[in-house]
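**Q**
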Amino acid sequence: MSRVSVVVPVHGNAALTRRCLELVLADLPPDCEVVVVDDASADETPELLVSFGERIRVLRMEENVGFARACNEGAAAAAGELLVFLNNDTEPRAGWLEALVACAEREPGADAIGAKLVYPTGTVQHAGVVFGQDGYPHNLYAGLPEEHPAVNRSRRLQAVTAACMLVRRVSFERVDGFDEGYENSLEDVDLCLRIGAGGGEVHYCPEAVVVHLESVSRGRRDRFERSVDLYRRRWREQVRRDDLSIYAEDGLIEVEYPASYPLRIEVSPQLASVDDARESEAEELLESYARRTSDLLAEVMRLTALAGAPAEPPESGPETGRSSDHRALLAEASRLEEEARTLQERFVKAGGKGVATSFSATDQLGYRRLVERIRDAVLEEVPAAAQVLVVSRGDRGLVDLGELDAGHFPQGPEGRYLGHHPRDSDDAIAQLEALREAGAEYLVLPATSFWWLDHYEELAARLRERCEGTELGFCTIYRLAPLRATPGERVG
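Numbers in our numbering are just positions in the sequence shown, counted from 1, shifted up by 26.
(1) Just the C-alpha distance for tyrosine 167 and cysteine 129, rounded to the nearest angstrom, thanks.
(2) Confirm, please, whether the CB-CB distance from threonine 149 to proline 163 is below 9 Å.
(3) If you follow the alpha helix (DSSP H) that valine 417 is in, where does it begin and where does it stop?
(4) Among the residues of its own chain, which have a CB less than 7 Å from the CB of glutamate 407, if the five just before and after it don't count?
(5) Just curious, the alpha helix (DSSP H) that proline 72 is in, first and last residue?
(6) Arginine 462: buried (16+ other C-beta within 10 angstroms of its C-beta) or exposed?
(7) Looking at C-beta atoms only, is the number of pairs between the stretch 176–193 and the stretch 65–77 that lie closer than 8 Å three or more?
(8) Within this structure, are the beta carbons of glutamate 206 and arginine 95 separated by less than 9 Å?
(9) What number of angstroms, rounded off, separates the C-alpha of leucine 509 from the C-alpha of alanine 412?
(10) Please report the straight-line C-alpha distance between arginine 262 and aspartate 216, rounded to a whole angstrom.
(11) Please classify glycine 100: is it buried, with 16 or more other beta-carbons within 10 angstroms of its beta-carbon, or exposed?
(12) Does glutamine 21 pass the burial test, meaning 16 or more other C-beta atoms within 10 Å, or should it be called exposed?
(13) Please work out which residues of its chain come closer than 6 Å, Cβ to Cβ, to glycine 465, disregarding the five sequence neighbours upstream and downstream, and give them in chain order.
(14) Distance, Cα to Cα, arginine 119 vs alanine 487?
(15) Report yes if the CB atom of serine 31 is closer than 9 Å to the CB atom of alanine 104, and no otherwise.
(16) Three-state secondary structure (DSSP) at phenylalanine 111?
(17) Express the C-alpha separation of leucine 430 and phenylalanine 250 in angstroms, rounding to a whole number.
(18) Which same chain residues end up closer than 8 Å to leucine 212 when comparing Cβ atoms and leaving out the 5 residues on each side of it in sequence?
(19) For glycine 277, which option in Ser294, Val76 and His152 has the closest C-alpha, if you only look at C-alpha atoms?
(20) Do glutamine 159 and aspartate 269 have their C-beta atoms closer together than 9 Å?
(21) For alanine 223, name the three-state secondary structure that DSSP assigns.
(22) Taking 9 Å as the threshold (C-beta atoms), are asparagine 113 and cysteine 218 in contact?
(23) Between Trp477, Ala102, Leu396 and Thr116, which lies nearest to leucine 49 when the distance is taken from Cα to Cα?
(24) Nearest to leucine 109 by alpha carbon, out of Gln151, Ala188, Gly79 and Ser286?
(25) According to DSSP, glutamate 494 sits in a beta bridge with which residue or residues?
(26) Which one of Pro409, Pro55, Leu405 and Ile400 has the shortest CA to CA distance from valine 417?
(27) In the DSSP output, what is arginine 539 paired with across the bridge?
(28) Under a three-way DSSP split, which group does asparagine 98 fall into?
Here it is, written out as structure tokens:
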């Protein structure tokens, strides 16, 4: 029986799989096996896997079953007492597997162990998972340099990512593996939380380093919201919201306690910015620039990986000090975004000509432009004195509609984003109707939220039947009318 089984689920992207497997096999310790689960790849992946011969074991799915099922099938076929799940969009650094195994030996109580994941530029993608004050999981220290001391602390956490995760077989089987109700998102968080609920431990091992080309592999966006809904119902009110305590442990937040309030709180600028109304415009501009730059970097890495060229760190961008020209930063971000979109179009036109056999352009880079188009459309279509709701996940840019009275939907008592989506259509209708009765006159549904019309079917039906809608392709603007039936009236 092998001591360690590396389970690699793959779905297409043969070039990525080749690179990943070559690195794994070149650094594979004795008494370890590699099990590749081909999740019904339609490209040249089957032929590629055959070329590795007996160095790997291959399990072929006849239909696409998704990440959770593929991992479960791979674990069942594997022989190891330690299961290591590894994405095919990764490039493990030398010694990564030995570090994970050494951590398992050093920490006998650790049922699951996660690696440090970094982008090719050397910035962190994952140093474990923390749970924010919103109750949702977040990758710890994403965006920090990989050599930051806080990133390199071994620690016990509630969850880590399965992009590279060791799990003891006995623990994996005790909780019946990954929950296949999740669809390519949050299966790993759910697995870790179930292990923890049973008394097990989850650890982070910074010595195991893997370069992760996040989101290059299997698509997630279309099914993400369904997984979030399952997570929300099962775990959001159960998890320990631990992000602030970890920041304090790492010295990134310090609190001084004088004899009377207010407290004095110091926050590292690497961790967060303080929301000061006097500088809200500058902070919003910097936040927008940082978001665009991050999206641009992720797409450049994806395109580079698909082209098979070595990834080079980008040159340093403009300075972002208080004296900087913030408008110039946004202009530069827009210019870079257009360049990346041009590169995307070239890949699409190239089709399967040796570059990428199944390339599709990410929607991240166009998001800021989408926000601007929505703002212009709403200002043109909606009367100046109207109250507007915008379906969002808390993005302040979406509700920045000039002089219009605009707010998030759904929203909490103080008008802030509620923090989660409605439970079902009845809940969505009730929340929207309450806001309409309180004065909301229009609802804006951005293209990024068109999935609402499929997920909340009854809400969609009410909007179609009872509200005048202006469909613009990138958003739909509804003039709100009563969504509930009046006495004696039948809806639908």
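Backbone N, C-alpha and C define an ideal beta-carbon position, used for all residues, glycine too.
**A** To lay it out plainly:
(1) Whole-angstrom Cα-Cα distance: 21 Å.
(2) It is not a contact, given that the beta carbons lie outside the stated cut-off.
(3) Per DSSP, valine 417 belongs to no alpha helix (DSSP H); it is in the beta strand (DSSP E), 413–417.
(4) These residues qualify, in order along the chain: Thr496 and Ile503.
(5) Taken as a continuous stretch (DSSP letters only), the alpha helix (DSSP H) holding proline 72 covers 71–77.
(6) The residue in question, arginine 462, is buried, as its Cβ has 16 or more Cβ neighbours within 10 Å.
(7) Too few Cβ pairs lie closer than 8 Å, so no.
(8) In this structure, arginine 95 lies closer than 9 Å to glutamate 206 by Cβ.
(9) Computed Cα separation, rounded: 19 Å.
(10) Whole-angstrom Cα-Cα distance: 11 Å.
(11) Taking a 10 Å sphere around the C-beta of glycine 100, we find 16 or more other C-beta atoms and assign the residue as buried.
(12) Residue 21 is absent from the model: the chain starts at 27 and stops at 518.
(13) Sequence-distant Cβ neighbours of glycine 465 in its own chain, meaning closer than 6 Å and more than five residues away, are Gln413.
(14) Cα to Cα, the separation comes out at about 52 Å.
(15) Contact: yes.
(16) In the displayed model, phenylalanine 111 falls within a strand according to three-state DSSP.
(17) Roughly 31 Å separates the two Cα atoms.
(18) Around leucine 212: Pro163, Ser253, Val254, Leu256 and Tyr257.
(19) Among Ser294, Val76 and His152, the Cα nearest to that of glycine 277 is on Ser294.
(20) Contact flag set, yes.
(21) Here DSSP, grouped into helix, strand and coil, assigns alanine 223 to helix.
(22) It is not a contact, given that the beta carbons lie outside the stated cut-off.
(23) Closest by alpha carbon: Thr116.
(24) Of the candidates Gln151, Ala188, Gly79 and Ser286, the residue whose Cα lies closest to the Cα of leucine 109 is Ala188.
(25) Its beta-bridge partners are Arg505.
(26) For the residues Pro409, Pro55, Leu405 and Ile400, the minimum Cα distance to valine 417 belongs to Ile400.
(27) Limits of the chain in this structure are 27 at one end and 518 at the other, which puts residue 539 out of reach.
(28) In the three-state reduction of the DSSP assignment, asparagine 98 falls in the helix class.
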